[in-house]
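What follows is one structure encoded as structure tokens, with my remarks underneath.
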Amino acid sequence: MKVVFDSGASIVLGGRFSAGFTAWLISRLQRLVWIHGLRWCDGRCCSFDWMLSDFCLDVLACLGYSVEVGQCDKSLFSIGGEAKKLKEERSDKMVEEDGVSFSATSSTAELEILLYFNPSLLFSMAYPTTPKPKLKSRSLLLLLLLVLTSIALLLLLFSLVSTNGNVNLNPHNYLYWGSRIDCPGKHCHSCEGLGHQESSLRCALEEAIYLRRTFVMPSRMCINPLHNKKGILHRSTDATSEERWEAVSLAMDSLYDIDLISETIPTILDNSQEWYQVLSTSMKLGARGIAHVEGVSRLNLKQNNHYSNLLLINRTANPLSWFMECKDRNNRSGIMLPYSFLPSMAAEKLRDAAEKIKAVLGDYDAMHVRRGDKIKTRKDKLGVIRTLHPHLDRDTRPEFILCRIAKWVPPGRTLFIASNERTPGFFSPLSIRYKLAYSSNYSKILDPLIENNYQLFMIERLIMMGAKTVIKTFKQDETDLSLTDDPKKNNKNWQIPVYTADPGTC
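Encoded structure:
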């Protein structure tokens, strides 16, 4: 039996075949030669493993060459020169099927089969309905490898792109600002509140984004006793400095989900094993491992190859506060992280508690009322009382709140109030119009969990984020709803407090 390609290549098989087996053989050869001989060979000498019924053929074929194989004997093959096309006249009946022509000299005589492939059929011929198991397995394997490769590439791309579109190209280079927020600086031993420290922490995280480095976060945060009525901080005159620090601080991962933060900015804690390894490696590398960059601008750190290639950059913080390094914070386009970033990165147990309370509240509005430390006053040289926020005490009283929020919150709504006001029942007059809710209403959820006021405030902020309408004390963005029009930042202008209503208001 001889199979001849239209290019002149041929395969000769010895034996006598029935008409049924001939038709089956043609369909098999049609598929195998089309796949392996025409599509994949592409003019180069290729090796394929073909299994055809009782014949096991190992063929090295290239279009334009002839191959002769003995029956059931893989060792008997040879590659000759370009085969001569069959020129003898054929007078027997030709049968055409699916682009294949074959002729039978007789049903019992030796069979000659000629295959003529039309290139236009390469993309239109259908596979036989009963593909060979080996080829099917090979196709499935190739498809599986293609799918796995695609998934791997997508995962790689996703790992390089953070949730806000920032690409981290140097995840194994590190940025260190110090073991305590705002330290070194004037707040080393008298730390500020949570919001102040978050501003500093956000500034450091923004620099890590800008430099495309992993941020080394302090493992503990200072908690000011002024802002903590929940937990009891024990002090001892005989304690070491480290013990005193432990007494006035809390674990950073008790407030924030470090893994969640790392989805946007790769972050490790400074008590982690990875950080100890970084320190060890940087000391071995010497000048090539670490640089102390006090006074060096961000732009220089990024563009200067001396800094960009270092394993570790130690940013000696501003002597005032960390956030002073972000000198362009008034330029809104220069801010890489929104104010809501760190509040939304709360530790998982805090997020879970907030979700439980939100589920109980249902459809609600929320209001944050900042009083306490913000309404402090002092007397000037003439004994006149002055304050930095002249309208705040007035604007955060219940009668003025009712007037201010009437256009934002319809009567009958559930109003969740978060406040540092300590006077019991201070906001009760609001109940004539609204159903009031406080975090203290959910002590069964919070008491087993809350250790300090920072954690409580983290939960209250998450609850506020879930409200339909959110009212803040001070306006931070132009679109914010606020109780007062006094600016939040006012460090110098002490004014006389105002308690009377403005003209034209209720």
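Take the sequence shown: its letters are residues 1 to 506, numbered as in full-length UniProt numbering. Cβ atoms here follow ideal geometry from the backbone N, Cα and C, with glycine treated the same way. Note that the structure is predicted; figures quoted are calculated from it, not measured.
Exposed or buried, what is residue i when buried is set at 16 or more other beta-carbons lying within 10 Å of its beta-carbon?
i	result
Pro390	buried
Ile496	exposed
Arg422	exposed
Pro411	exposed
Gly178	buried
Asp270	buried
Ser200	buried
Ile432	exposed
Thr214	buried
Pro343	buried
Tyr339	exposed
Leu285	exposed
Lys374	buried
Glu198	buried
Tyr454	buried
Arg394	buried
Leu141	exposed
Leu415	buried
How big is the Cα-Cα spacing for residue i and residue j?
i	j	result
Trp494	Ile385	9 Å
Ile357	Ile417	13 Å
Val360	Met283	54 Å
Glu478	Arg370	19 Å
His368	Val470	8 Å
Asp502	Ala247	47 Å
Arg288	His306	9 Å
Gly383	Ser280	59 Å
Asn300	Leu250	35 Å
Ala204	Pro429	43 Å
Lys489	Phe474	10 Å
Met324	Gly372	25 Å
Asp447	Asp363	24 Å
Glu112	Ser150	For Glu112, the pLDDT reaches just 35, beneath the cut-off of 50, and the residue's location in the model is therefore unreliable, although a value from the coordinates is still provided. Their backbone Cα atoms lie some 46 Å apart in a straight line.
Lys492	Lys376	14 Å
Val296	Ile290	14 Å
Thr505	Pro398	15 Å
Val216	Gly193	21 Å
Val278	Leu312	8 Å
Tyr438	Leu481	20 Å
Arg202	Leu337	7 Å
Ser440	Glu348	21 Å
Glu294	Arg413	53 Å
Lys468	Phe427	20 Å
Ile459	Leu155	33 Å
Throw me the rounded Cβ distance for the residue i and residue j pair, which I believe falls under 8 Å.
i	j	result
Thr267	Ile258	6 Å
Thr396	Thr500	15 Å between Cβ atoms; not a contact.
Asn309	His292	That belief does not hold up - the Cβ atoms of Asn309 and His292 are roughly 16 Å apart, past 8 Å.
Met345	Leu462	Not quite, the Cβ-Cβ distance comes to about 10 Å (not below 8 Å), so this is no contact.
Lys302	Tyr174	With a Cβ gap of about 15 Å, Lys302 and Tyr174 do not count as contacting.
Ala353	Ile223	Contact flag wrong, Cβ pair sits at about 19 Å.
On the DSSP letters alone, give me the boundaries of the beta strand (DSSP E) that residue i sits inside.
i	result
Met367	364-369
Phe400	Run containing Phe400: none in the beta strand (DSSP E); it sits in the alpha helix (DSSP H), 398-405.
Ala437	435-437
Tyr176	174-176
Leu269	267-269
Asn314	312-314
Ser344	Run containing Ser344: none in the beta strand (DSSP E); it sits in the alpha helix (DSSP H), 341-344.
Ile463	Element bounds for Ile463: not the beta strand (DSSP E) but the alpha helix (DSSP H), 453-465.
Leu392	Not the beta strand (DSSP E): Leu392 falls in the alpha helix (DSSP H), residues 392-395.
Leu260	Not the beta strand (DSSP E): Leu260 falls in the alpha helix (DSSP H), residues 258-262.
Among the options, which one has its Cα closest to the Cα of residue i?
i	options	result
Gly195	Ile151, Leu285, Tyr434, Leu255	Leu255
Tyr276	Tyr176, Asn441, Ala347	Tyr176
Arg351	Asp365, Met465, Arg180, Gln197	Met465
Lys407	Asp365, Leu285, Phe426	Asp365
Lys435	Met221, Ser443, Asn453, Leu402	Leu402
Leu388	Val498, Ser440, Gly362, Pro398	Val498
Gln273	Glu294, Glu451, Ser219, Ser431	Ser219
Ile181	Ala152, Thr149, Ser321	Ser321
Cys191	Arg212, Met221, Arg202, Glu207	Met221
Arg404	Leu145, Cys183, Lys472, Leu143	Lys472
Phe341	Leu144, Cys326, Leu143, Glu206	Glu206
Pro487	Ile450, Leu392, Val147, Lys381	Leu392
Arg212	Ser262, Asp253, Ile459	Ser262
Arg298	Met252, Ala208, Val409, Lys381	Ala208
Between which two residues does the alpha helix (DSSP H) containing residue i stretch?
i	result
Ser443	443-446
Ser308	305-308
Cys203	194-211
Tyr276	273-285
Lys358	348-361
So, is the C-beta of residue i closer than 8 Å to a C-beta in chain D?
i	result
Ala247	The structure shown contains no chain D, having only a single protein chain.
Check whether the Cβ of residue i lies closer than 7 Å to any heavy atom of the ligand SAH, and answer yes or no.
i	result
Lys444	This structure lacks the ligand SAH; in fact it carries no ligand of any kind.
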